[in-house]
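Down below is the structure, laid out as structure tokens.
In this note's numbering, the protein residues as written are 1 to 116.
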């Protein structure tokens, strides 16, 4: 399984951005897919998760501003980021947790920079 994240860039505070994560390979099933982010000099933090059944969860810092979704047919994960803030700056990485793998699969990350 390979995950390719894209969509990052430089935006101003208050603007919107949509990240994508294309999954390819032998994807038979998954438990969860989601996003983490890592700001410069800080640990990687969980952002959002979508479960196989469609249930979504968000970190408090992004709740109400970010929306995670998935195109099941195309195996693409999205993160719609609205009203971005400077503290949303970081490298955003997607992951896929499969019941057939001991460890989750990770994408390479995409940089999001929010100027204030």
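Note that beta-carbon positions come from the ideal geometry of N, C-alpha and C, so glycine has one too.
Taking Cβ to Cβ, would you say residue i is nearer than 9 Å to residue j?
i	j	result
residue 37	residue 84	no
residue 70	residue 50	yes
residue 39	residue 107	no
residue 66	residue 80	yes
residue 76	residue 22	yes
Does any C-beta atom of chain D lie closer than 9 Å to the C-beta of residue i?
i	result
residue 94	The chain labelled as chain D is not found in the depicted structure, where only one protein chain is given.
Please classify residue i as buried or exposed, where buried requires at least 16 neighbouring CB atoms within 10 angstroms.
i	result
residue 26	exposed
residue 93	buried
residue 10	exposed
residue 30	buried
residue 90	buried
residue 88	buried
By Cβ distance below 6 Å, which residues in the same chain neighbour residue i in space, the five residues on each side in sequence not counted?
i	result
residue 2	24 and 25
residue 33	50, 77 and 96
Pop quiz: residue i and residue j are said to be a contact at Cβ under 8 Å. What is the actual Cβ separation, rounded to whole angstroms?
i	j	result
residue 20	residue 7	5 Å
residue 48	residue 56	7 Å
residue 46	residue 68	Their Cβ separation, rounded to whole angstroms, is 11 Å, which puts residue 46 and residue 68 out of contact at 8 Å.
residue 86	residue 62	Not quite, the Cβ-Cβ distance comes to about 14 Å (not below 8 Å), so this is no contact.
In its own chain, which residues sit with a C-beta less than 7 Å from the C-beta of residue i, not counting the 5 before and 5 after it?
i	result
residue 104	95, 96 and 97
residue 109	5, 91, 92 and 93
Say yes only if the C-beta of residue i is nearer than 8 Å to one or more non-hydrogen atoms of the ligand GDP, and no if none qualify.
i	result
residue 51	Inclusion of the ligand GDP in the displayed structure is not the case, the ligand content being empty and no account of it being possible.
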